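Chains as they are written, first to last, in the working numbering: chain A, 1 to 412; chain B, 413 to 824.
Below: the structure, in C-alpha cells.
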C-alpha cells in the first residue's frame, strides 16, 4: 500500500487554555521530525475552520523550522496563538456542499493530514469530517487533539489544559486562604470557580490538604445536589470551629430539582435600566449567608485567569499537551484517522502516561463527570482519593522566559 | 549619651500584600545582624496591636536564629504571617489610660524598639504612640514601615507591596488580552481593578506597551472624572478599530460630581430577599455597553489575588520590602524615632533607590494620587511616562520554592 504524502493543516478551536499552544508546538515538532517522509509542509488555520474556509493559512513549517526557541515561546504563550472559533459544522448528509467546499480547499493546498485541537465541539468537527470522507474519494487523515480546562471529555484520564488550570486554582486558593486567615473577625469568603457541568476545576481547590497547605472548609460540585439549608448549616458549623471560613463552589452547582443555584439571582433583580442582574452562584450564596447568619461575607470569582494563567502552567501538563500533539502526527502518519487522542494513566506506584486514540464519534458530545468516589457522602467536600489522583497533574513549573518583567509571548 | 538597650517588638497591620512578610524578614535580619548590641530579642505581635494588648507574642529571634531558609520561606509567603488587625488607636489626650496600659506591657517585656508594618492606619498608630511617648518618661524608639498595594502613601516614591501587585496585574492583563484576542466576534471585556482613591494599580495594566506586549484600549482612573457618554464613545471608537476591546477600570472611578460610578447599581437593584445588589463599576459599565452598543460584553474583577499572588511577586519589590524593614531597625538603633520609612528614587539613567524616613505625623492619613502628568489629557489612558516610571518596579522574579506542585508557605 502506497503511503499517503502531502501537506498538513492544524487549527485551534473553542475556549483558550494555558496549554493549547503547547499542543500546537507538539504538532509542529511532529511534522518537523517527520522530515518530509509523509508531510511536506504544515499550514496553520487562523481562527480554526473559519480561517480554513477563508484560506487564511500560515506556513508553520517555515515559521518554526530550526527554531526551538520559538517553539518554547509558543509553549509558554496562553490562549490560542492561531486564533479560535466556535463554528459548529453541519451534518454531512444535510449539507454536503459545505464539505465539498472544504475538500476543494484541501485539494488546492494538497492537504492530506488534518489536525484539530479543541474541546467537545472540535471533536464533533473531527467526527463529521471523518464521516463525510468515508463516502468521498478524497483521502485525508483526520485527527482530533483534545484540550479543555474543564477535564470533561470522555475516553481520557484527563484533558490537556486541565493540569495547568488546576494548578492555578490550587495555588491561588492557597494564597486566598492565607489572605483570609489574617484577621480574627468571623468572615465567610466564597470563591466561585469555573465548571458548568463538571466539578473537576473546583475540586482542585482542595489539593493543598496533601501538601501541608490549607484547604477550603467546603467544596461544592455540580455532581452533588445542592441544598441551601444544608449549606447554611455547614457554614455555621465551620464558623464554630474557626473565624475564617472559605468555601469553594462550582458555577454549575444545582439543586436536587436540577435548577442552577445561580439562577436564583436572575429572577427579579434589575438595574436602573431594567436589566436583570445575572449574578452567579457566589453572589447568591453571599446573600444567603448575609441573610441567615449575618456575619461578614464576600464572594469572588477567579474568572478568566483560570484558563489563561500561562505564567503558572503545570510542567506536567505542558509536557503532556505537547506530547499528545506530536503523538497525533505520528498516528496519522501511521495511517490512523477519525480518532481523538487520549491520555491513559498507566497503573502503578509512579505516575506515568501513554498516549492513545479513540474513534471521534465515541468521544464527541459526551460529558465526563467527577467520579462519585471523589465526592464525600455529605456532598460538600472531595475525598483524599481525588487529591491523590490530581496531585501528579499539577507537578512542576515551567521556567518561563520573562522580558522586562513580563512573560514573553509569541505572535504570528 | 547612653545607648538604648532592650527588646524589640514588630507587628503587621492592615490588608495583606505579597511583600509584607518580606518586610518582616527584613526586620528580623536587622535585629539578628545587630547582634545584641542594642536589641536583645525580637518579639512578634500576633494580629498587630490586638496581640500586643493580649500579650500574644512570639519570640522571633529564637524562631529565625541561624535559619536563612526560614527567612526565605517567610519572604515568599503571602499575607501577614503574624496576622493582622484593623485597630484604630484613640487620641492620646482622649484616652491616656489606653497608652498607660501599652507602656505597662512594654515595661513588662522590656520593649525599647517598636516596629509597625502597615498602611495609613498603621502609620497613624505610629504617630499617636510617638505623640504619647513625647510626654511620657518611658523611652522607646518607634518606627513605621509602610506597605500597601495601593501605592497611595505620602512621602515615598512608591510603597513596598505595590510592585508585586502591579506585576500581577500587568502579567494577568497580558494573559487576559491574549485570551480576548482569539475570536473575531466583536466583544468588550471590562476588567475592574482595586484602588478606591488612587489609580496606581489600574494604571499598571498598561505597562505591556513598553515591553512589546499588548495593552487595554482604555484605562480609567479615579483621578480623572468619568463621563458615561464619553466612555460609550470611546468603546465605539475602539470597536471600529478591532473586534476585541479590553477596558481596565479602577473600582474608585467617579463622575465629575464626585459620585462613584459603582454606586449606580446600588440603587434599586435587589435580590429575592430584598437586598440591594452591591455590584461594582465593572457591572455598571457592562450593562451600559449592553444597553448602548448591544455587542457581546462581560466584566470581571481580579479581586483578592491582586494583593496575595506571592507566586508572581516582583523581585525588585521583595528586595526593597526586605531592605526597608532592615533599614528601619538600623535607623531605630541610631536613635531615630517617630518616623515612617520611605523609598527615594535616586535620579539617573539606572534605577536605584535609597531608604529614607519622615515624621509619621506628616505621612499618616494622607492619600497620594497618581501624578497628573501620568494621565492623558483625555482622561482615558496613562502616559508613556507613567509606564517608564513603573517598569523598574516590576522587574525580576523570585525563584519560588515549590513543594509537591504548590508554593511553600511559612506558618508560625
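For every residue, glycine included, the Cβ atom is placed at its ideal position computed from N, Cα and C.
In this text, all values refer to a predicted model and were calculated from it rather than measured experimentally.
Check                                                                                                                                                                                    : Outcome
Which class does residue 544 (chain B) belong to by DSSP, given the choice of helix, strand or coil?                                                                                     : helix
Go to residue 351 (chain A), then tell me how far its alpha helix (DSSP H) extends in each direction, as first and last residue.                                                         : From DSSP, residue 351 (chain A) is part of no alpha helix (DSSP H); its letter is neither H nor E.
What ranges does the alpha helix (DSSP H) occupy inside the region 141-182 of chain A, keeping only unbroken runs of at least 4 residues that lie completely in it?                      : 162-180
What are the partner residues of residue 407 (chain A), as DSSP defines its beta bridges?                                                                                                : A:402
If we require 3 or more residues per run, which beta strand (DSSP E) segments fall completely within the region 39-87 of chain A?                                                        : 39-45, 57-59
Under 8 Å, with one C-beta from each stretch per pair, do the region 772-785 of chain B and the region 743-760 of chain B reach the 3-pair mark?                                         : yes
Specify the secondary structure class of residue 357 (chain A) as computed by DSSP and reduced to three states.                                                                          : strand
In angstroms with no decimal places, state the Cα-to-Cα distance between residue 729 (chain B) and residue 72 (chain A).                                                                 : 28 Å
Excluding the five sequence neighbours on either side, which residues of its own chain have a C-beta within less than 6 Å of the C-beta of residue 502 (chain B), listed in chain order? : 510
With a threshold of 6 Å on Cβ separation, who are the neighbours of residue 454 (chain B) within its own chain once the five nearest residues in sequence on each side are excluded?     : 420, 443, 472, 473
Quick one: grab the DSSP three-state call for residue 707 (chain B).                                                                                                                     : coil
With 8 Å set as the bound, which would you pick, yes or no: does the beta-carbon of residue 707 (chain B) sit closer than that to a beta-carbon of chain A?                              : no
Measure the beta-carbon distance from residue 170 (chain A) to residue 724 (chain B) and round it to whole angstroms, keeping in mind my assumption that it falls under 8 Å.             : 15 Å between Cβ atoms; not a contact.
Using only the alpha-carbon positions, how far apart do residue 578 (chain B) and residue 663 (chain B) sit?                                                                             : 15 Å
Please confirm if residue 545 (chain B) has its CB atom under 8 Å from at least one CB of chain A.                                                                                       : no
With 8 Å set as the bound, which would you pick, yes or no: does the beta-carbon of residue 402 (chain A) sit closer than that to a beta-carbon of chain B?                              : yes
Where does residue 653 (chain B) sit, in a helix, a strand or coil, going by DSSP?                                                                                                       : helix
Just to confirm, are residue 822 (chain B) and residue 489 (chain B) a CB contact at a threshold of 8 Å?                                                                                 : yes
Output the distance between the C-alpha atoms of residue 336 (chain A) and residue 102 (chain A), rounded to the nearest integer angstrom.                                               : 20 Å
Give a yes or no on whether 8 Å exceeds the smallest Cβ distance from residue 406 (chain A) to chain B.                                                                                  : yes
Helix, strand or coil for residue 102 (chain A) per DSSP?                                                                                                                                : helix
Which parts of the region 616-646 of chain B are runs of the alpha helix (DSSP H), unbroken and 4 residues or longer, counting only runs that do not cross its ends?                     : none
How would you list, in chain order, the residues of chain A whose beta-carbon sits under 7 Å from the beta-carbon of residue 822 (chain B)?                                              : Ordered by position in chain A, no residue passes the 7 Å Cβ test against residue 822 (chain B), which lies about 10 Å from the chain.
For residue 757 (chain B), name the three-state secondary structure that DSSP assigns.                                                                                                   : strand
Distance, Cα to Cα, residue 733 (chain B) vs residue 109 (chain A)?                                                                                                                      : 58 Å
Run through DSSP, which three-state label would residue 115 (chain A) get?                                                                                                               : strand
Under three-state DSSP, which class holds residue 780 (chain B)?                                                                                                                         : coil
Under 7 Å, CB to CB, which of the residues in the region 570-583 of chain B have a partner in chain A?                                                                                   : 579, 582, 583
Thinking residue 85 (chain A) and residue 47 (chain A) are a contact (beta carbons under 8 Å), I'd like their distance in whole angstroms, please.                                       : 5 Å
Under the three-state reduction of DSSP, which class applies to residue 790 (chain B): helix, strand or coil?                                                                            : coil
Going straight from the alpha carbon of residue 358 (chain A) to that of residue 130 (chain A), what length do you get?                                                                  : 13 Å
Check whether the Cβ of residue 149 (chain A) lies closer than 8 Å to any Cβ atom in chain B.                                                                                            : no
In the DSSP assignment, find the unbroken beta strand (DSSP E) run with residue 424 (chain B) in it and report its ends.                                                                 : 418-424
Counting only beta-carbon atoms, is residue 242 (chain A) nearer than 8 Å to chain B?                                                                                                    : no
Assign residue 570 (chain B) to one of two classes, buried (16 or more other C-beta atoms within 10 Å of its C-beta) or exposed (fewer than that).                                       : buried
What are the boundary residues of the alpha helix (DSSP H) that includes residue 748 (chain B)?                                                                                          : Here residue 748 (chain B) belongs to no alpha helix (DSSP H), and DSSP marks it neither H nor E.
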